[in-house]
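Trainee: Per this note's numbering, the sequence shown starts with residue 30, numbered consecutively.
The C-beta atom is built at its ideal place from N, Cα and C for all residues, glycine as well.
Please read these numbers as outputs of a predicted model, since none were measured by experiment.
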Amino acid sequence: MISTHQPRQATAAVVEIDTDAITHNARLIASRMRGTMMAVVKAHGYGHGASTVAVAALAGGATCLGVTSLEEARALRSDERLAGVPILSWLNRVDSDFAWAAAEGVEVAVADLEHLRAVEEGVRIARFGRTGAAVGRVHLHLDVGMSRDGCATSSWPRLCYEARRAELQGLLRVVGIMGHMGCAARLEDPANTRAKELFSAGVLAARGAGLAPIMLHLAATAATLTDPECHLGLCRVGAGLVGIDPSHTTRLRTAMTLRALLVAVREVEAGALIGYDHGYVASHPMRLGLVAIGYADGVPRSVAGRGEVLVGGVRRKIMGAISMDQLVVDLTEVPAAMGDLVTLFGPGDGGEPTLADWAGWAQTIELEIVTGLGARVTRVVSSHGGDC
Ligand SMILES: *Cc1c(COP(=O)(O)O)cnc(C)c1O
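(1) Just tell me which of Gly403, Leu339, Val363 and Ser60 has its CA closest to the CA of leucine 281.
(2) Go ahead and pull the three-state DSSP assignment for alanine 147.
(3) Measuring alpha carbon to alpha carbon, tell me which residue in Glu149, Thr97 and Glu109 is nearest phenylalanine 127.
(4) Here's the rule: buried if 16 or more other CB atoms are within 10 angstroms of the residue's CB, otherwise exposed. What is threonine 388?
(5) Leaving aside the five residues before and after valine 123 along the sequence, list all residues of the same chain whose C-beta is less than 6 Å from its C-beta, in chain order.
(6) Going by DSSP, name the residue or residues bridged to methionine 348.
(7) Which one of Pro376, Gln198 and Arg159 has the shortest CA to CA distance from alanine 50?
(8) Is any heavy atom of ligand 2 found at a distance shorter than 8 Å from the C-beta of lysine 225?
(9) Output needed for valine 173: all residues of its chain with C-beta closer than 6 Å, excluding positions within five of it in sequence on either side, in chain order.
(10) Comparing the CB of alanine 249 with every heavy atom of ligand 1, is any distance shorter than 8 Å?
(11) With burial defined as no fewer than 16 other Cβ atoms inside 10 Å of the residue's Cβ, what is the status of threonine 222: buried or exposed?
(12) Would you say the beta carbon of aspartate 172 comes nearer than 8 Å to a heavy atom of ligand 1?
(13) Tell me whether arginine 265 counts as near ligand 1, meaning its Cβ is closer than 8 Å to at least one heavy atom of that ligand.
(14) Less than 8 Å separating the Cβ of histidine 260 from some heavy atom of ligand 1?
(15) Can you find a CB in chain D that lies within less than 9 Å of the CB of glycine 78?
(16) Could you name the residues of the same chain whose beta carbon sits closer than 6 Å to that of arginine 316, not counting the 5 residues immediately before and after it, in chain order?
(17) Mind checking whether isoleucine 58 and glycine 269 have CB atoms under 9 Å apart?
(18) Where does threonine 279 fall in DSSP's three states?
(19) For ligand 1, is there a heavy atom less than 8 Å away from the beta-carbon of alanine 268?
(20) Can you name, in chain order, every residue of its own chain whose Cβ lies under 6 Å from the Cβ of glycine 239, other than the five neighbours on each side?
(21) Specify the secondary structure class of cysteine 212 as computed by DSSP and reduced to three states.
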């Protein structure tokens, strides 16, 4: 049987990942920085697929990968397209499989003595019964002003001293020192100057303790794009790869387009209640479309009353509350029918809302939207072939 229809999609909501956009963004950012680019692909590549983002970013000039757990590192290691690519994992649980990391050459960031000991122990286990001498490749992580991950400045001398001791025992090699800035999206914030000073002092202290790190890294996307003083030889870039610039200084390409199916269409009279809690009362006879995506799929409930979609070539408002699995859009005078796809957001080229629109409606940041898509949303990877 010959069908003229498009192939049926497996689920009602589909997110399309444009790998050319990721490669383009990586290339553009690489052209603005000095040194090596680490592609940060934590949180499933910011919701875009860790391996997908990694492969596309490597094509655009990234040469190593960053994640926040050894589980994420393990998933990347099992992808043959990424064979041999250096990986750094920070924020590791103290009971992580550091023996595996040592055996695989996966680098780990360490911010306290407990983790340092755990990594040393992992190296000993990795060596047990083997001839090859695994060495733990460690980055020491210094807190430069966020009181979050990273070693407090007061504990830093001791951490450096103990790391050096482990080096002299042949267990570790401190290959890097990292810091992370809390206000880099605002170039003028004095906290940035302070962070840079703390980092420099931390590097000096580490060298004073006998360490000889070859990778110094402080910048994420925002500082990479706005502050060359932070290009210390390695920049950790995540958001920028998928088209999000926290500094709002650079035009990047959005890599994600979220669509969902129009599963039903109906006409209602004036006065009809729409959705939970009388979220909207029809002021006139309306044509309504039911879209099969809801807050369980990552559509923030907070956009109610503001959110829009692109349907039948025009922007239309979401009516009433977002439900768990569905939302209602105004289709009055819109040439759209059951089975059509509605675009929630994308790059904006076709008139669809952008991620920035959604972040504004939901009063959040774009990163929360892309990382919040639910498990039911099918990810489709596309490449349009050649862009620059
Ligand atoms: C997530 C993360 C990054 C990447 O930040 P972006 O702003 O997404 O580029 C860099 N460094 C650390 C420590 C991170 O946790």
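Mentor: Reading from the atomic positions:
(1) Ser60
(2) helix
(3) Glu149
(4) It is worth fixing the name first, because residue 388 is alanine in this sequence and not threonine. With 16 or more Cβ atoms within 10 Å of its Cβ, alanine 388 is classed as buried.
(5) Glu143, His144 and Ala147
(6) Val357
(7) Pro376
(8) Absent from the structure shown: ligand 2. Ligands present: ligand 1.
(9) Gly208, Ala224, Leu227 and Phe228
(10) yes
(11) exposed
(12) no
(13) yes
(14) no
(15) Going by chain labels, chain D is absent from the structure shown, which holds only one protein chain.
(16) Glu296, Leu360 and Thr361
(17) yes
(18) coil
(19) yes
(20) Arg193
(21) coil
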